[in-house]
Amino acid sequence: MSRVCELTGKKAMVGNNVSHALNRTKRKFNANLVKKRFYIPEEDKWVTLKVSTSALKTINKVGISAAIKEAKSKGFLK
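Next comes the structure, spelled out in structure tokens:
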């Protein structure tokens, strides 16, 4: 299962661990994802989405319907 936000498309990025001696080794910065159920009153059903915590804040601000509509227009959600 991929670690990609279904609403924003956020995914892991690559960087370096840097020691005190400035040795660099590759590492991965994963997106902060949670699995959450949302109720969509227009369709009268529950959906489970894997979303980033920043997407949760957006859902709280604009609503789940608007967030899903925007994700579909950007191509992140089918």
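As numbered in the numbering used here, the sequence shown has no gaps in its residue numbers, which increase by one up to the final residue, 79.
Quick reminder that beta carbons are idealized off the backbone N, C-alpha and C, glycines included.
Q) Start and end of the beta strand (DSSP E) containing L50? A) K46 to S53
**Q.** Candidates E71, E43 and F30, of which the one nearest A56 by Cα
**A.** E71
Q. Distance, Cα to Cα, A67 vs R25?
A. 42 Å
**Q.** Close Cβ partners of F30 (< 8 Å) along its chain, the five nearest in sequence each way excluded
**A.** A13, M14, V15 and G16
Q) When we look at the beta-carbon of S20 and count the other beta-carbons within 10 Å, is it buried (16 or more) or exposed? A) exposed
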